[in-house]
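Each step along the sequence shown adds one to the number in the working numbering, with nothing skipped, and position 77 is 117. Cβ atoms here follow ideal geometry from the backbone N, Cα and C, with glycine treated the same way. Structure, as structure tokens:
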Amino acid sequence: MPLEFEIAPELMPYVADATVRFRYLNPGVDVTISGAAAVVAGSEVVNVKDLEQQFMFCLYRQKIYSETLPLRHALLAGVTGR
Numbered sequence: 041m042p043l044e045f046e047i048a049p050e051l052m053p054y055v056a057d058a059t060v061r062f063r064y065l066n067p068g069v070d071v072t073i074s075g076a077a078a079v080v081a082g083s084e085v086v087n088v089k090d091l092e093q094q095f096m097f098c099l100y101r102q103k104i105y106s107e108t109l110p111l112r113h114a115l116l117a118g119v120t121g122r
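As structure tokens, then:
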């Protein structure tokens, strides 16, 4: 039975990368993005709330990574002089 999680519009730019990480962590689960929602299905789906929490964590983690990447590049450039 497929499950559907709503995704906030401000998180949509990070969905593709977060989905890749989520599928790596949950190999028995398929994820499809449909509009502003993630549809999750698979034989491994047992705990709906846990799965939603894991997906949202991957999504938030990708947002933080993307937003801090320029800062990390600047810090490394400052330390290495490049």
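Residue i lies in the alpha helix (DSSP H); which residues open and close that run?
i   : result
V55 : V55 to L65
Tell me the rounded alpha-carbon separation between residue i and residue j.
i    : j    : result
Y100 : P49  : 13 Å
P110 : F62  : 24 Å
A76  : H113 : 31 Å
G68  : L91  : 12 Å
S74  : G82  : 16 Å
N87  : R122 : 48 Å
P42  : M52  : 20 Å
L115 : T108 : 11 Å
So residue i and residue j are in contact, right, with Cβ under 8 Å, and what is the actual spacing, rounded?
i    : j   : result
K103 : Y54 : 5 Å
F97  : V80 : 14 Å between Cβ atoms; not a contact.
Start and end of the beta strand (DSSP E) containing residue i?
i   : result
V80 : A77 to A81
L43 : L43 to E46
Here's the rule: buried if 16 or more other CB atoms are within 10 angstroms of the residue's CB, otherwise exposed. What is residue i?
i    : result
V60  : exposed
V119 : exposed
A56  : exposed
A117 : exposed
Let me make sure I understand the geometry here. Which of the options has the alpha-carbon closest to that of residue i?
i   : options            : result
D70 : E44, L116 and L115 : E44
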